[in-house]
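In order, the protein sequences belong to chains A, B and C. Per this note's numbering, the first sequence runs over residues 2 to 236. Per this note's numbering, the second sequence runs over residues 574 to 837. Per this note's numbering, the third sequence runs over residues 331 to 575. Cβ coordinates follow ideal geometry from the N, Cα and C atoms, glycine included. The structure presented is a predicted model; accordingly, all values stated were derived computationally and were not measured.
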Amino acid sequence: MLEIGTAFSAAFGLIIGLDADLIEIIALSLQVTLTAVLVACLIGFPLGALLAVGRFPMRNALVVLVNALMGLPPVVVGLGVYLMLSRAGPLGVLNLLYTPTAMVIAQTILVTPIIAALTRQVIEDMNIEYDELLRSMGTGRLSQMQTLLWDARYALVTAALAGLGRALAEVGAVMIVGGNINHVTRVMTTAIALETSKGELALALGLGIILMTLSIVLNATLMGFRRTAERMAYA
Amino acid sequence: MVLTAPLATLPLSAAEPFIIVQSTTSTQNSGLYDAILPLFTATSGIDVRVVAVGTGQAIKNARNCDGDVLLVHARASEQAFVADGAGVSRSDVMYNDFVLVGPADDPARLSDTTNVAEAFAALAQGETPFASRGDDSGTHKKEMSLWQNAHVDPTDASGAWYRETGSGMGATLNIAIGMNAYAMTDRATWIAFGNKSGHKIVFEGDEALFNQYGVIAVNPERCPAVKATEAKAFIDWLLSDAGQGAIGAYQRDGQQLFFPNAQK
Amino acid sequence: MLELVKAARPETDPLLTLDHVTLIRGGAAVLDALSLDITAGVITAIMGANGAGKSLAMRVMAGLIAPEAGQVRYAPDMRAPRDVSIVFQRPVLLRRSVRGNLRHALKVYGVPRNQRTRRLAELLELGRLGLIADTPARALSGGEQQRVAMVRALAAKPKLLLLDEPTASLDPQATQAIEQLMRKAADDGATVVIVTHDRGQAKRLAQDIRFMHRGKLVEKAPAKRFFDHPTSAAASAYLSGELFL
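Laid out in structure tokens, this is it:
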């Protein structure tokens with residue numbers, strides 16, 4: 002039916018050709034995903050630290066909830082965000098549906114639980130070691146969270162990467178809230194879905210290979226950065 | 574600073590005017606929009622953003638006011654949309670036709686049948702695998718009416734020879750090819766489809782397979798955010814000689830995919 | 331400074347009192363209505379066999395563990411935990427440079443920003459840490475790490491310095507460095523409490539001894555008298571190297 006070789010040559014052709022449309026799609030993918038992961042980190046890191054260090058009612062229930070939300074199906078998130086942002090929905094006046102901002106919102110919701118849950122795990126482990134010391138120094142909870150987050154910063158790169166992988170790979174949410182509009186909200190994954198539905202399987206797979214390459218490069222860069230920085234900081 | 578930098582470059586609200594058209598995968602996948610929309614944008618300065626989903630979902634989205642124009646192919650649903658007050662008025666734009674595609678050796682011998690009711694009856698009789706959209710799209714609605722005309726209820730055999738994919742046209746064709754099944758598709762999607770493998774058209778030409786596309790402006794009285802002026806400009810253009818000419822001129826592999834038939 | 335502290339607080343007025351403190355762990359009382367006081371301005375060694383509850387008592391003193399029953403009372407001018415510093419047997423250093431660890435401590439202890447650089451230099455000097463100031467703290471030797479932990483504890487200018495077997499895993503040289511820092515702290519007016527198994531260390535440093543056995547205080551004495559004539563059976567056995575069950 003289809004040779005893998007054809008897919009690779011399609012991918013190669015796309016890269017060599019480097020046409021404006023492809024660059025636009027890749028750029029939007031990166032822009033949406035990186036923004037979503039950034040926002041998710043800004044929410045997920047403190048939230049994870051709070052769940053690790055904080056002592057408040059329902060904490061355990063919240064931990065279970067956040068862990069469970071890691072498995073949120075993208076389509077469900079997409080539908081939820083669609084219902085909020087639809088002109089018939091409560092936030093319709095913002096006119097955000099079918100814009101990259103809507104895609105960022107959906108991916109942020111998708112990624113935040115992953116980053117928060119992994120952060121909680123990392124911070125909780127580190128706090129076993131730090132807790133007595135920091136309490137003996139008279140550190141408040143907030144300051145304790147800050148100290149732990151800062152000291153765990155290299156481990157948290159991995160949490161961010163897990164979120165990045167999820168955001169870069171998902172199609173269900175961005176398809177619904179972005180609409181896969183050419184030149185406006187078309188990203189790598191929705192383009193792949195579109196080419197597949199057009200029966201252009203080699204092209205779809207070719208785009209998939211580029212997406213994977215992109216993901217490998219991003220991961221390698223961040224992990225490399227983490228290694229080097231970590232060695233400098235605590236050998 | 575770090576946060577706002579990536580966000581700032583996102584087109585939060587367009588500087589240039591644009592409209593959102595809720596439409597179907599068949600028109601998008603065939604490449605029609607890529608061919609004709611730039612012509613409209615060049616003359617009007619209005620950008621047209623197409624959200625391509627199944628007809629059923631397109632109508633629902635439009636009912637939620639999430640679009641300025643609806644361009645689909647399911648006349649009964651379109652008329653209901655207007656009758657409910659969700660849309661302003663409906664106009665014929667163009668048509669193409671549906672065809673039945675199947676394995677090259679055509680085990681159910683559809684090519685021997687003389688009308689579409691016979692063809693569907695033959696499918697049911699032979700219990701040969703058939704991949705249905707099963708997604709409440711325009712194509713799916715059309716298919717169900719054709720089964721009804723042939724006095725067959727295929728959903729009795731759902732999961733057996735009748736396979737409801739619940740997916741778009743392209744995905745359904747990929748599945749039909751994967752399991753050597755028959756499928757009903759609009760001609761435009763089939764001609765533009767890149768993964769035909771051994772499949773070919775096994776039945777075509779019956780008038781009952783006629784596939785009419787209609788265009789409706791979303792009612793601004795019901796949906797105040799609708800860009801009524803721009804939407805009207807787009808519909809007027811589609812129905813004008815320029816728009817109709819552009820539709821008629823679009824070809825794929827030397828074949829005309831859509832036939833303009835707006836009322837003068 | 332030292333004179334002032336002594337004048338203000340006669341020896342009979344304890345800096346810290348544990349009053350019938352009971353701590354339950356695993357269904358058993360590991361501190362059993364423990365009553366114990368710490369005299370201001372001296373170095374006190376808490377001694378006792380393993381499992382006597384010395385380290386737990388110290389954590390109660392530091393306010394790290396709330397006892398099930400009993401009271402912890404500080405002298406009126408003491409604010410816990412601000413005026414209490416504790417150093418653990420195994421130093422817990424942040425994943426930062428030596429400088430970063432001390433800077434963090436100064437910030438937590440509320441030293442004004444414009445004084446931190448000067449204080450940091452003083453602390454590095456005090457711990458003789460200048461040459462390794464920018465080394466990741468966790469890459470240092472055990473002795474160096476404990477020096478950082480000591481200096482960090484002193485950054486708070488504590489009125490009460492608690493030391494939980496701070497030299498138990500160190501060689502004599504490193505031990506000497508820590509003991510010098512302890513003496514310096516005591517000379518500067520801090521009341522020092524050290525949990526130790528090292529009788530030599532207790533003799534070298536302590537004026538006062540508290541001997542614990544099975545979660546209770548069994549002997550309280552000036553150091554010289556304690557080592558010459560222990561009165562309790564448990565302490566006698568401990569000092570003569572016998573097991574007392």
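- Excluding sequence positions up to five before and after residue 450 of chain C, its CB lies within less than 8 Å of the CB of 429, 432, 433 and 436, all in the same chain and listed in chain order.
- Sequence-distant Cβ neighbours of residue 168 of chain A in its own chain, meaning closer than 7 Å and more than five residues away, are 34, 37, 38, 108, 111 and 112.
- Residue pairing by DSSP puts residue 784 of chain B in a beta bridge opposite B/669.
- Identification of residues in the stretch 121-143 of chain A having a C-beta nearer than 7 Å to some C-beta of chain C yields 130, 131, 133, 134, 136, 137, 138, 139 and 140, given in sequence order.
- The count of Cβ pairs closer than 8 Å, one atom from the stretch 135-152 of chain A and one from the stretch 395-415 of chain C, reaches three, so the stretches are in contact.
- If you draw a straight line from the Cα of residue 54 of chain A to the Cα of residue 164 of chain A, it comes to about 22 Å.
- Here residue 713 of chain B carries a helix assignment [DSSP, helix/strand/coil].
- Residues of chain B with a Cβ closer than 8 Å to the Cβ of residue 201 of chain A are, in chain order, 767 and 768.
- The Cβ atoms of residue 6 of chain A and residue 120 of chain A do not sit closer than 7 Å to each other.
- Pairing residue 153 of chain A with residue 176 of chain A gives a Cβ-Cβ distance that is not under 7 Å.
- Around the Cβ of residue 350 of chain C, a 10 Å sphere holds fewer than 16 other Cβ atoms; the residue is exposed.
- Contact between the stretch 551-561 of chain C and the stretch 503-517 of chain C is not established, with fewer than three Cβ pairs separated by less than 8 Å.
- Looking at the DSSP output, residue 550 of chain C bridges to C/540.
- Neighbours of residue 397 of chain C in chain A, taken as residues whose beta carbon is under 9 Å from its own, are absent, since the nearest beta carbon is some 16 Å off.
- If one requires a minimum length of 4 residues, the alpha helix (DSSP H) runs lying completely within the stretch 53-109 of chain A are 60-70 and 75-86, in chain order.
- No Cβ-Cβ contact shorter than 7 Å links residue 467 of chain C with residue 535 of chain C.
- DSSP places residue 9 of chain A in the uninterrupted alpha helix (DSSP H) bounded by 5-18.
- Taking the Cα positions, residue 629 of chain B is about 33 Å away from residue 211 of chain A.
- About 6 Å separates the beta carbon of residue 599 of chain B from that of residue 742 of chain B, a gap short enough to meet the 8 Å contact definition.
- Sequence-distant partners of residue 354 of chain C (beyond 5 residues in either direction) whose C-beta falls short of 6 Å from its own C-beta, in its chain, are 398.
- Residue 223 of chain A is positioned such that its CB atom lies closer than 7 Å to that of residue 158 of chain A.
- Secondary structure of residue 648 of chain B (DSSP, three-state): helix.
- Annotation: Cβ neighbours of residue 148 of chain A in chain C (cutoff 9 Å, chain order): 424, 434 and 438.
- For residue 396 of chain C, the three-state secondary structure derived from DSSP is coil.
- The beta-carbon distance between residue 24 of chain A and residue 71 of chain A, rounded to whole angstroms, is 32 Å. This is too long to meet the 8 Å contact definition.
- Residue pairing by DSSP places residue 660 of chain B opposite B/791 in a beta bridge.
- Closest in C-alpha terms to residue 675 of chain B, from the list B/714, B/793, B/723 and B/773, comes B/773.
- Interface annotation, residue 152 of chain A: in contact with chain C, CB-CB separation under 7 Å.
- At a C-beta separation below 9 Å, residue 515 of chain C has no neighbours in chain A, since its nearest C-beta there lies roughly 16 Å away.
- No alpha helix (DSSP H) of 4 residues or more sits fully in the stretch 347-382 of chain C.
- Residue nearest to residue 409 of chain C within the set C/526, C/544, C/489 and C/533 is C/489 (criterion: CA-CA distance).
- Within the model, the alpha-carbon separation for residue 796 of chain B versus residue 87 of chain A is close to 11 Å.
- Distance between residue 161 of chain A and residue 155 of chain A, taken at the CA atoms: about 10 Å.
- Judged by DSSP in its simplified three-state form, residue 147 of chain A adopts helix.
- Counting the other Cβ atoms within 10 Å of the Cβ of residue 613 of chain B gives 16 or more, which makes it buried.
- The Cβ of residue 392 of chain C sits closer than 7 Å to at least one Cβ of chain A.
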